[in-house]
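These notes are about the structure you will find just below.
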Amino acid sequence: MKRARELGNYRVLIEALELGLTPGELEERHGLLAGFVRESAGGARYANEVVELVHGAEGVFVSFPGLPNAAYAWLGEAAGVFLTPVEAQIWLWEVMERAEAGEGDLVVLYEPGYADDDEKIFMAYTFEGERYQRGWPRTKLPLFLWLAAPEEHLLMLHAPGEGYLAFRLERGAPMLGGAES
């Protein structure tokens, strides 16, 4: 099986949230490649107040309207699964437990305005060997979550009218040389 490829690593989202990178700085990192990847993912579009996800047989593309150009793309065979609210709650608890155990970096977006309000976000990540947290973990189902674990990415978003769409994606090879995904 061909290894998946990734563009726009998890660190870009962390940096955009914590350092406030401008759209120009983010665009400089990815250029037109992000647009190409989005087109390649093709397929269905799911969006809510904090995230847009394009999903097709060729991959997944995630972007954040509140953080222009902070995007993530995964090209390879991708199959999402719709979860009931109970299944989504179990998924959330499992992801939170993994993040608490230091098994990956986590971003959970509960509401719009998350960049400026710690009540609307929860992050747990490691930077230069130190573990950091922003916001507080909640049992409320989020609009979006992303766990970047050593071997996989776990994504879940609330798709209005359809439930919760979840993906378990193996780590892929960076599309930009040396990029940490």
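Counting from 1, one number per residue, gives the positions in the sequence shown under my numbering. Note that the Cβ used here is the ideal one computed from N, Cα and C, for glycine as well.
Determine the DSSP secondary structure at tryptophan 146, reduced to helix, strand or coil. The three-state reading of DSSP puts tryptophan 146 in strand, counting E and B together.
Buried or exposed for isoleucine 90, going by 16 or more other Cβ atoms inside 10 Å? By the neighbour-count definition (other C-beta atoms within 10 Å, threshold 16), isoleucine 90 is an exposed residue.
Along the chain, where does the alpha helix (DSSP H) containing arginine 98 start, and where does it finish? That run of the alpha helix (DSSP H) goes 85–100.
Would you call the stretch 122–135 and the stretch 56–68 in contact, with 3 or more CB pairs under 8 Å? Under the three-pair Cβ rule at 8 Å, the stretch 122–135 does not count as touching the stretch 56–68.
Whole-angstrom Cβ separation of glutamate 152 and arginine 171, contact assumed at under 8 Å? Right, the Cβ-Cβ distance comes to about 6 Å (below 8 Å), so this counts as a contact.
So, at 6 Å on beta carbons, what are the nonlocal neighbours of leucine 106 in its own chain, with the 5 sequence-adjacent residues on each side left out? So the list reads Ala99, Ala124, Leu147, once near-sequence residues are dropped.
When you compare each of Phe167, Arg168, Leu157, Leu169 to tyrosine 46 by their alpha carbons, which one comes out closest? Here the closest residue by C-alpha is Leu157.
Buried or exposed (CB count within 10 angstroms, at least 16 for buried), phenylalanine 82: Exposed, by the Cβ-count rule.
In three-state DSSP terms, what is glutamate 49? Per DSSP, reduced to three states, the secondary structure at glutamate 49 is coil, with no helix or strand assignment.
Among the residues of its own chain, which have a CB less than 6 Å from the CB of glutamate 52, if the five just before and after it don't count? Correct list, in chain order: Ser63.
Would you mind working out which of Ala149, Pro150, Pro160 sits nearest leucine 141, comparing C-alpha positions? Considering only alpha carbons, the answer is Pro160.
Coil, strand or helix - glutamate 103 by DSSP: In the structure shown, glutamate 103 falls within a coil segment according to DSSP collapsed to helix, strand and coil.
Return the residue from the list Gly76, Tyr114, Leu143, Pro150 that minimises the CA-CA distance to threonine 126. Nearest neighbour of threonine 126 by Cα position, chosen from Gly76, Tyr114, Leu143, Pro150, turns out to be Pro150.
So, at 7 Å on beta carbons, what are the nonlocal neighbours of glutamate 103 in its own chain, with the 5 sequence-adjacent residues on each side left out? Closer than 7 Å at Cβ, skipping near neighbours: Ala149.
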